[in-house]
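The sequence shown runs 0 to 184 under numbering that gives the first Met the number 0. One structure below.
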Amino acid sequence: MVTGVARVGGSGGGPGTGTRRRAMSRDSREILIGGGAIVVLAFILAFLYAGKEIRGTAAAGGYILNAAFNRVDGLLPGAEVRLGGIPVGRVKAQVLDGYYRAQVSLFIDAGVKLPLDTSAAINTDGLFGTKYIVLEPGGDEQYLKAGGRIEFTQDALIVSRLLDLIIAKGRARMKAAKEQSKVRK
């Protein structure tokens, strides 16, 4: 009879043992699911980061060109390099040279040949969008080689300076219109 009483509480381990096992298995399951989710997230982030690094290296089938700018305001490594509106590369790195000019390294996709007199300009997507580099091919019959330099560059346009120019032109036109109306009277 004593053995029958012990079985009522669970699997022979005393009263409440079955409830404890169910609680432990639920806790274990939650820990395993949480840990699994963290591992999956870590793999996804590692995959995305590795993909970005692979696209930005010469091993991915491309070459590096260099260009010097006075200002690169807001241009970041990883920014697109476009030719005819189509992405053909990425900004690889930026450093200041001894003359305080921004030296920008560009990774250009394999198969994209650029004439020696190609120019590079820093543009913005929209008024406050991201910065990117636009390449305009020249007419030279020789092409830039890996490690070559784009000699013709145009710096980033600073929006506040552009707005100042627009305001100054507007004021000048208003002043000219007032003077013209005085002359007519």
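Built from N, CA and C at the ideal position, the CB exists for glycine as well. Here the structure is a predicted model, which is why all the values come from computation and not from measurement.
Beta bridge counterpart(s) of residue i as assigned by DSSP
i      : result
Ser118 : Glu135 and Phe151
Glu79  : Arg89
Ile107 : Tyr62 and Gly88
Gln102 : Ala67 and Val94
Thr123 : Lys130
When the options are compared against residue i, the one with the closest alpha-carbon
i      : options                          : result
Ala109 : Ile63, Lys130 and Arg170         : Ile63
Val133 : Val39, Leu74, Ser24 and Ile30    : Leu74
Leu115 : Glu140, Tyr99, Val103 and Lys91  : Glu140
Asp72  : Ala120, Val111, Ile107 and Val39 : Ala120
Thr117 : Val39, Arg148, Pro76 and Lys91   : Arg148
Phe106 : Glu178, Pro76 and Leu95          : Pro76
Ala101 : Glu79, Gln153, Gly146 and Gly83  : Gln153
Leu113 : Lys144, Ser180 and Ala41         : Lys144
Gly83  : Asn122, Phe151 and Glu135        : Glu135
Integer Cβ distance of residue i from residue j, believed to fall under 8 angstroms
i      : j      : result
Arg125 : Gly88  : Before going further, note that residue 125 is Gly rather than Arg in the sequence given. Going by Cβ atoms, the distance from Gly125 to Gly88 rounds to 21 angstroms, so no, they are not a contact pair.
Tyr142 : Arg81  : Not really, about 18 angstroms apart at Cβ, beyond 8 angstroms.
Val90  : Val103 : 6 angstroms
Distance, residue j Cα to residue i Cα
i      : j      : result
Ala66  : Leu156 : 17 angstroms
Ile69  : Gln93  : According to the sequence displayed, residue 69 carries Asn and not Ile. Between Asn69 and Gln93, the C-alpha separation is close to 12 angstroms.
Gly137 : Arg172 : 37 angstroms
Ile30  : Ala45  : 22 angstroms
Thr129 : Val158 : 12 angstroms
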